[in-house]
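Residue 155 is where the sequence shown starts when you use the numbering used here, and the numbers rise one by one after that. Written below as structure tokens is the structure these notes are about.
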Amino acid sequence: MPTTLVWFRSDLRIEDHPALATAVRGGGTVVPVFIWSPQEEGDWPVGAASRWWLHRSLAALADALERRGSRLVIRRGPGLTALRALIRETGAVAVHWSRRYEPAVRERDRGIESALRADGVRVETHPGSLCYEPERVLNEQGRPFQVFTAYWRACLRLDEPAEPVPAPRRIPAPTCRLESLPIESLGLEPRVDWAGGLRAAWNPGERGAKQRLRDFLKSSLEDYAAQRDHPDHAGTSRLSPHLHFGELSARRIWHEVRARQAGGLRPEASSAADAYLRELGWREFAHYLLHHFPQTTNEPLKAQYLDFPWDENPEALEAWRRGRTGYPIVDAGMRELWSTGWMHNRVRMIVASFLVKHLLIDWRCGAAWFWDTLVDADLANNTLGWQWVAGCGADAAPYFRIFNPVLQGRRFDPQGNYVRRWVPELASFHDPHIHAPWEASPTELRAAGIRLGRDYPNPIVNHAEARQRALAALHGLRGGRRGA
Ligand SMILES: Cc1cc2nc3c(=O)[nH]c(=O)nc-3n(C[C@H](O)[C@H](O)[C@H](O)COP(=O)(O)OP(=O)(O)OC[C@H]3O[C@@H](n4cnc5c(N)ncnc54)[C@H](O)[C@@H]3O)c2cc1C
């Protein structure tokens, strides 16, 4: 019986897993393998919060495989060395894996593929993470889109994404006993336990992902369009870490949402479902851009931003990271991130805008902090999000859009409940001032038991002055020494 290896990477599930399904259909025995090789991820080795997640996700995958008669083999990289060793030990004739899109990983994978082919091993790579593979969607000139709406229209003109494939009932295992590292030996868990908030908030693994999808479809999908911008309300799916680790496929989500629509939804609920698919479309677009413009992980897509006069301000950067800027909505977001490894999308935009526009700190410093602290840290989505806010990416926010954190707070957290939850020192403040405590009178501050500068920081920058400074810097750039 021929043996096939299935190399698990960012696809830690057994349902809708074309690489696994094809290997099992092939008829021989199958060895599922995970290789821990952070040194092969270029400038972006897995961050601390993501490592915490990965530990649990691997445990869940190992469990799911065992329930189907198989066993996850865990090895350390480099990838090629580990695969060659396993091929030697098992006599495997083929290796299957799902495609990844990060530039350094793609280059590594290309090298492994040609080396294994030269060894006489069959290599098959499969789609797995996206609904639309990046090469399929091009404009009339055969070039990649740089504007989301045009890109998404072109996707929707294509066939619906393929139906998900079921999980194999049994995965035939080889008889030989293969060495496998215990997950604990990979050192993914933090040495000092700071992960209590993460444990309380998340249930990593395919089962947790499916449960979250079910809950979202049942209770929040129909109101998604109205609620998705409100961080004080659990109106979004919170599927981002599950999607990043591939515990759930985007195709499955797509088809489950479509099935709801086909089952008959009120017109507003059906357009809320479209709005949700459109957000999945942003994820597709982010991976698409990463595929076509791989340099953007470290460089702005718009070349004139290479000359942007960023400020080096370590104290302000630290105040931002710790949620001590004196702007309650910004601080609430940064503390939510620190505590749970996640932040609401609206608040991500507000805190990112504050860093790059109010503080004029390079977006790459913000992207690096998110990378380490987010459980959903994803090179494609993070790069797109930061470049969009900084105004230097594809389809970016116009340069003059500078979020006012007070107005954003009042609009999207009108009762201040989100701020009260994450900035408890402001919890006893009345509504009008919770987003701008410095506007409260001394009597109101006394009544709330707050002394600004002692219990909660004074704002580290004045909004109007910071806005003018950012506009001047951005204006100078548009006058530009470099072409776009
Ligand atoms: C500065 C910045 C950095 C970001 N960094 C990341 C990141 O590292 N990883 C990450 O997954 N998302 C990132 N995002 C995008 C977005 O904030 C999150 O995907 C979203 O908040 C996840 O919550 P959810 O699953 O409840 O989203 P939902 O609203 O339920 O959306 C469903 C799914 O669609 C995708 N999605 C939604 N909005 C976006 C978007 N704007 N861009 C790309 N995909 C999107 C996500 O996979 C998400 O899980 C970033 C956004 C900004 C502004």
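Note that CB positions come from ideal geometry on N, CA and C, so glycine has one too. The model shown is predicted, which means the values in this text are computed figures rather than measured ones.
Taking all protein chains shown into account, decide if residue i is buried (16 or more other Cβ within 10 angstroms of its Cβ) or exposed.
| i | result |
| --- | --- |
| residue 268 | exposed |
| residue 511 | buried |
| residue 320 | exposed |
| residue 294 | exposed |
| residue 165 | buried |
| residue 576 | buried |
| residue 183 | buried |
| residue 635 | Note that residue 635 has pLDDT 42, beneath the 50 cutoff, so the model's placement of it is unreliable and the number below is only indicative. By the 10 Å Cβ count, residue 635 comes out exposed. |
| residue 618 | exposed |
| residue 449 | exposed |
| residue 536 | buried |
| residue 264 | exposed |
| residue 608 | exposed |
| residue 401 | buried |
| residue 638 | The predicted position of residue 638 is uncertain, since its pLDDT is 30 and thus under 50; no value can be drawn from it. |
| residue 406 | buried |
| residue 261 | exposed |
| residue 290 | exposed |
| residue 655 | Residue 655 is absent from the structure shown; the chain starts at 155 and stops at 638. |
| residue 477 | buried |
| residue 330 | exposed |
| residue 366 | buried |
| residue 339 | exposed |
| residue 155 | exposed |
| residue 374 | buried |
| residue 301 | exposed |
| residue 438 | buried |
| residue 346 | exposed |
| residue 168 | buried |
| residue 382 | buried |
| residue 496 | buried |
| residue 348 | exposed |
| residue 322 | buried |
Between residue i and residue j, which are expected to be in contact by the criterion C-beta below 8 Å, what is the C-beta distance as a whole number of angstroms?
| i | j | result |
| --- | --- | --- |
| residue 228 | residue 325 | Their Cβ separation, rounded to whole angstroms, is 16 Å, which puts residue 228 and residue 325 out of contact at 8 Å. |
| residue 219 | residue 226 | 5 Å |
| residue 479 | residue 614 | 5 Å |
| residue 409 | residue 318 | 6 Å |
| residue 525 | residue 534 | At roughly 12 Å, the Cβ-Cβ gap does not stay under 8 Å, so residue 525 and residue 534 are not in contact. |
| residue 271 | residue 247 | Between residue 247 and residue 271 the Cβ distance is about 12 Å, and since that is not below 8 Å, they are no contact. |
| residue 585 | residue 562 | Not really, about 15 Å apart at Cβ, beyond 8 Å. |
| residue 251 | residue 161 | 4 Å |
| residue 595 | residue 556 | In fact, because the Cβ distance is near 28 Å, the residues do not count as touching under 8 Å. |
| residue 515 | residue 484 | No, residue 515 and residue 484 are not in contact; Cβ-Cβ is about 13 Å, not under 8 Å. |
| residue 274 | residue 157 | So it is not a contact: roughly 14 Å between Cβ atoms. |
With a Cβ-Cβ cutoff of 8 Å, do residue i and residue j count as a contact?
| i | j | result |
| --- | --- | --- |
| residue 285 | residue 404 | yes |
| residue 233 | residue 195 | no |
| residue 662 | residue 445 | Because residue 662 is not part of the residues shown, which for the chain are 155 to 638, the question remains open. |
| residue 230 | residue 236 | yes |
| residue 385 | residue 572 | yes |
| residue 211 | residue 344 | no |
| residue 627 | residue 463 | yes |
| residue 203 | residue 360 | no |
| residue 159 | residue 178 | no |
| residue 163 | residue 222 | no |
| residue 443 | residue 538 | yes |
| residue 500 | residue 566 | yes |
| residue 540 | residue 517 | yes |
| residue 292 | residue 458 | no |
| residue 342 | residue 205 | yes |
| residue 224 | residue 363 | no |
| residue 527 | residue 492 | yes |
Please tell me whether residue i has its Cβ less than 8 Å away from any Cβ of chain C.
| i | result |
| --- | --- |
| residue 416 | Absent from the structure is chain C; it holds one protein chain and no more. |
Problem set entry | Inter-stretch contact at 8 Å, needing at least 3 Cβ pairs: the segment 460-474 / the segment 308-327 | no
Problem set entry | Given 8 Å, three or more beta-carbon pairs between the segment 414-434 and the segment 369-379 | yes
For this session: Would you check if the segment 581-597 and the segment 506-524 touch, i.e. whether three or more CB-CB distances between them fall below 8 Å?
Result: no
For this session: Count the CB pairs spanning the segment 274-281 and the segment 167-176 that are closer than 8 Å, and state whether there are at least three.
Result: yes
For this session: Report yes or no: do three or more beta-carbon pairs, one from the segment 546-556 and one from the segment 444-457, lie closer than 8 Å?
Result: yes
Exercise. Can we say the segment 346-353 touches the segment 383-401, given the rule of at least three CB pairs closer than 8 Å?
Worked result: no
For this session: Could you tell me whether the segment 487-506 touches the segment 559-576, using the rule of 3 or more Cβ pairs below 8 Å?
Result: Yes: at least three Cβ pairs fall under 8 Å.
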